[in-house]
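222 is the number that the working numbering gives to position 218 of the sequence shown; each next residue is one higher, with no gaps. Below is one structure, written out as structure tokens; comments come after it.
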Amino acid sequence: MELKSDYFLKPENFSGHERVLLFHNGEVLHRNNNFFWPAATVRDICTGTQQHSLIVGEYSLRPCVALGLSDASFALLGAEKASLRQLLFNNEIEVFAAAGKANQLLHWYDNHRYCGKCGATTVLHSSERALVCTSCTLNFYPRINPCVIVLVIKDDEILLARHVGKASAFFSCLAGFMEAGETPEETVIREVYEEVGIEVDNIRYVRSQSWPFPSQLMLGFFADYKSGDITVDGKEIAEAFWFRSGNLPVTPASSISVAGQLIELFLQRFELRERNRI
Ligand SMILES: [Zn+2]
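This is the structure we're talking about:
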């Protein structure tokens, strides 16, 4: 029986209005920097492959769907590839938002072909964005992994760290995954202590960002220094220092990440405070 779903759609059933995002081995496909493919092109290539596209949402008032291509379909298409990070750094904001969500969904879809409980194959759920086990009927939903990212403040200084293994010379905020049973505030306290050996308090939420590499939700916080001296763990953090406004290292751009936005917000508030003092 043909599946009718709000979340999955076979290419042969495209209406023609869809904007299609195509992926191959985790990279986004484009032709001359056009990332949204015409539905007809994709229908021609994928009809008969038994694949379903994943319905991502509505972008520019048109439905957007995503599909991961097999090697054979990719060879047939003759497309160029870009990484999600390239889209982000090139400021392709609209494409990045759609492709980021699409990538999360495809990653979930690719990684749940079999049931984690009984090992049987899964099939598409008929009415939800879920995969369902053909044997024990367990459902699998797209999973988001929450992380905290925190800018630690000590009077007029902020703590910025350079991560181990990153080729860039970027200094950024501290960050880490939430563990089962933790509140975000508890994660902030634990991560800061583990990574740089200091204690923080007065933790306040600022803003968040979906970070589809592959499926994190970054929750951004400010926290105040409480006690201790910087002692980097050497595993995740290579070096960390207190920096003053006007004497900052290279940091992430605020147009790209919540880390950059936290730093920029601190600088704006700091400047405002200084101005009001005069
Ligand atoms: Zn099962």
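Built from N, CA and C at the ideal position, the CB exists for glycine as well. The structure displayed is predicted, hence computed values, not measured ones.
Cβ atoms of residue j and residue i: under 9 Å apart, would you say?
i, j, result
"Ala-102", "Cys-68", "yes"
"Phe-217", "Leu-58", "no"
"Val-60", "Leu-26", "no"
"Leu-269", "Phe-175", "no"
"Phe-144", "Val-99", "no"
"Ser-214", "Gly-72", "no"
"Ala-173", "Val-254", "yes"
"Lys-121", "Leu-142", "yes"
If residue i sits next to residue j, beta carbons under 8 Å apart, how far is it from one beta carbon to the other, in whole angstroms?
i, j, result
"Val-200", "Ile-241", "6 Å"
"Val-32", "Leu-91", "7 Å"
"Cys-151", "Met-222", "5 Å"
"Val-262", "Ser-212", "7 Å"
"Leu-178", "Val-156", "7 Å"
"Arg-133", "Thr-126", "Not really, about 13 Å apart at Cβ, beyond 8 Å."
"Ile-202", "Gly-232", "4 Å"
"Ser-259", "Asn-95", "6 Å"
"Ser-77", "Thr-53", "7 Å"
What do you get for residue i, buried or exposed, if any count of 16 or more other CB atoms within 10 angstroms of its CB means buried?
i, result
"Gln-108", "buried"
"Glu-195", "buried"
"Lys-8", "exposed"
"Pro-15", "buried"
"Pro-256", "buried"
"Ala-165", "buried"
"Glu-275", "exposed"
"Cys-119", "buried"
"Phe-93", "exposed"
"Ala-184", "exposed"
"Ala-79", "exposed"
Give the range of the alpha helix (DSSP H) segment to which residue i is assigned.
i, result
"Asn-280", "262–281"
"Leu-92", "88–93"
"Ile-49", "43–50"
"Tyr-197", "188–200"
What residues in its chain sit with their C-beta under 6 Å from that of residue i, if we drop five residues either side in the sequence?
i, result
"Glu-84", "His-34"
"Arg-66", "His-21 and Arg-23"
"His-56", "Phe-12 and Lys-14"
"Trp-41", "Val-24 and Leu-26"
Might you give, ordered along the chain, the residues of its own chain that have their beta carbon closer than 7 Å to the beta carbon of residue i, omitting 5 neighbours on each side?
i, result
"Leu-158", "Residue 158 is actually Lys in this sequence, not Leu. If we look at Lys-158 and ignore the five residues flanking it on each side, its Cβ neighbours are Tyr-229 and Trp-246."
"His-70", "Contrary to the premise, residue 70 reads as Ala rather than His in this sequence. Within the same chain, Ala-70 has close Cβ partners Leu-25, Phe-27, Ser-57, Leu-58, Val-60, Ala-106, Leu-109 and Leu-110."
"Ser-249", "Asp-160, Leu-271 and Phe-274"
"Leu-128", "Leu-7, Ser-9, Phe-12, His-56 and Leu-135"
Does any heavy atom of ligand 2 sit closer than 8 Å to the C-beta of residue i?
i, result
"Gly-20", "For ligand 2, the structure offers nothing, since it holds only ligand 1."
Output needed for residue i: all residues of its chain with C-beta closer than 8 Å, excluding positions within five of it in sequence on either side, in chain order.
i, result
"Val-192", "Val-152, Val-154, Val-204, Ile-207, Phe-225 and Ala-227"
"Arg-147", "Trp-112 and Ser-219"
"Arg-47", "Pro-15, Glu-16 and Phe-18"
Where do the N-terminal and C-terminal ends of the beta strand (DSSP E) with residue i fall, by residue?
i, result
"Gly-229", "It is Tyr, not Gly, that sits at residue 229 in the sequence shown. Taken as a continuous stretch (DSSP letters only), the beta strand (DSSP E) holding Tyr-229 covers 220–231."
"Asp-205", "203–215"
Indicate whether at least one CB of chain C lies closer than 9 Å to the CB of residue i.
i, result
"Tyr-113", "Looking for chain C here will not work: only one protein chain is present."
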